[in-house]
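In the working numbering, the protein residues as written are 318 to 745. Step one of this worksheet: look at the structure below.
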Ligand code: HSE
């Protein structure tokens, strides 16, 4: 029997505790599957005395994660602290320099500092594995890097923030406003300590940046993502979209346009009949499209103790078996700088307009759209209230700039009772 694989685990929050539990409870299964015992040598966290509901007495304790990462009895440093810089990055770099492999769940660190860390790891002949960093328990990194290795990837899409999906689906079910459901989610502890990471789309964009690098062989480029959160999604739009046959999702999309890489995280409409529209509550879904395989849909828990620890253990097991490889699926020095697409690929758009109720108002809007080159596919006008006539329009495929031109011109028609809303419709 081979030597045990010895871990040093930094971070004993929900995920860290989940990893310790799996290693303790599934010792025989892990050894049977990898041919090695998976052992924990030492652990580290902010507070030693907190009762975490798991026995840590068998493991050495380190207050300093750098000291943990460089211990002689640690083969693999498991980084579960989080944060793009600070102790997580310092300890990861120390581990690599000390000749250790690294397993991390840290999407922020990889999305911002992934290229530098990949170069460092590969120069040291070490691995960084991070299945848990994207979409929790869904094995999307492995699927992209291994299962789809023979494909040119054409598009990656995903709902990758469970808190936002919870908020949007609760708004659908309850008819309550964004503000009401945000407060509910916060009260239930569903949001990050800084909720802007969730509702601002930042957490999901970190994950998209990582997938994008693997899918398209580019240096991870978080700043190249066009980013918009869910704060401006109103209950009126949730209702109106449903009426036109759509659901609203915080959707990440990355694809090649022929003139650069399009990366965006924004609220989009998806057809009611699509797999993405079926996604309820805090669940995640990633849709991968390859030139040979077609479309693959992966769905599962995007967060939580068991699912995220499951993903960490997949990486630990690979390292126990000696399965490593370049950090982003090809050597870091072969990754090219992403050229951001200047224009996004055309798409249909949803428009919600509130028109003043007077003769010719609709005609003026139709003219403005026509002059901008935007063609109407479907349109619905609702019963007028005292102040305005609500109108919904679904356009044929058009460009964002044409929509912006049309919306700009609507301003001077004197028939708008409120600012128009425009959302992209993603064809799935
Ligand atoms: N806040 C995140 C989510 C946790 O809701 O998906 C996992 O990144």
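Note that beta-carbon positions come from the ideal geometry of N, C-alpha and C, so glycine has one too.
Query                                                                                                          : Result
Residue closest to residue 593, alpha-carbon to alpha-carbon, out of 547, 681, 476, 633                        : 476
Closer than 6 Å: residue 480 CB and nearest ligand 1 heavy atom                                                : yes
Start and end residues, beta strand (DSSP E) containing residue 588                                            : 578-588
Which of helix, strand or coil DSSP assigns to residue 707                                                     : strand
For residue 405, the three-state DSSP class (helix, strand or coil)                                            : helix
Euclidean distance between Cα positions of residue 689 and residue 720                                         : 7 Å
Among 436, 620, 377, 678, the one whose alpha carbon lies nearest that of residue 728                          : 678
Terminal residues of the beta strand (DSSP E) in which residue 497 lies                                        : Where residue 497 is concerned, there is no enclosing beta strand (DSSP E), although the alpha helix (DSSP H) it sits in stretches over 495-504.
Touch test, the stretch 635-652 against the stretch 429-443, Cβ-Cβ under 8 Å, three pairs minimum              : yes
Delimiting residues of the alpha helix (DSSP H) encompassing residue 513                                       : 513-516
Touch test, the stretch 323-331 against the stretch 384-404, Cβ-Cβ under 8 Å, three pairs minimum              : yes
Beta carbon of residue 569 nearer than 7 Å to that of residue 544                                              : no
Cβ-heavy atom distance, residue 501 to ligand 1, below 6 Å                                                     : no
Whole runs of the alpha helix (DSSP H) within the stretch 628-670, excluding any shorter than 4 residues       : none
As assigned by DSSP and simplified to three states, the class of residue 452                                   : coil
Cβ pair residue 547, residue 555 closer than 7 Å                                                               : no
Cβ-heavy atom distance, residue 619 to ligand 1, below 6 Å                                                     : yes
Reduced DSSP category for residue 340 - H, G, I as helix; E, B as strand; rest coil                            : helix
Local conformation of residue 566 per DSSP, three classes                                                      : strand
Under 7 Å between C-beta atoms of residue 732 and residue 672                                                  : yes
Between the CA atoms of residue 589 and residue 744 - distance to the nearest angstrom                         : 11 Å
Rounded C-alpha distance that separates residue 372 from residue 597                                           : 35 Å
Classification of residue 523 by the beta-carbon crowding that lies within 10 angstroms, buried from 16 upward : buried
Environment of residue 479 [buried if 16+ CB atoms lie within 10 Å]                                            : buried
Nearest-angstrom Cβ-Cβ length linking residue 468 and residue 655, presumed shorter than 8 Å                   : About 19 Å; that fails the 8 Å criterion.
Whole-angstrom distance between residue 320 and residue 482, CA atom to CA atom                                : 44 Å
Boundaries (first-last residue) of the beta strand (DSSP E) holding residue 601                                : 600-607
Any non-hydrogen atom of ligand 1 within 6 Å of residue 520 CB                                                 : yes
Residue 685 (DSSP reduced to helix, strand or coil)                                                            : helix
For residue 547, the first and last residue of its enclosing alpha helix (DSSP H)                              : Looking at the DSSP string, residue 547 is not in any alpha helix (DSSP H), and its letter there is neither H nor E.
Separation of residue 573 from residue 713, as counted between CA atoms                                        : 21 Å
Beta-bridge pairing of residue 738 - partner residues as DSSP gives them                                       : 669
Limits of the unbroken alpha helix (DSSP H) element including residue 615                                      : Residue 615 -> not in any alpha helix (DSSP H); beta strand (DSSP E) instead, spanning 611-618.
Enclosing beta strand (DSSP E) for residue 525 [first to last residue]                                         : Run containing residue 525: none in the beta strand (DSSP E); it sits in the alpha helix (DSSP H), 519-533.
Residue 396: CB within 6 Å of a non-hydrogen atom of ligand 1                                                  : no
Exposure of residue 699, with buried meaning 16 or more beta-carbon neighbours within 10 Å                     : exposed
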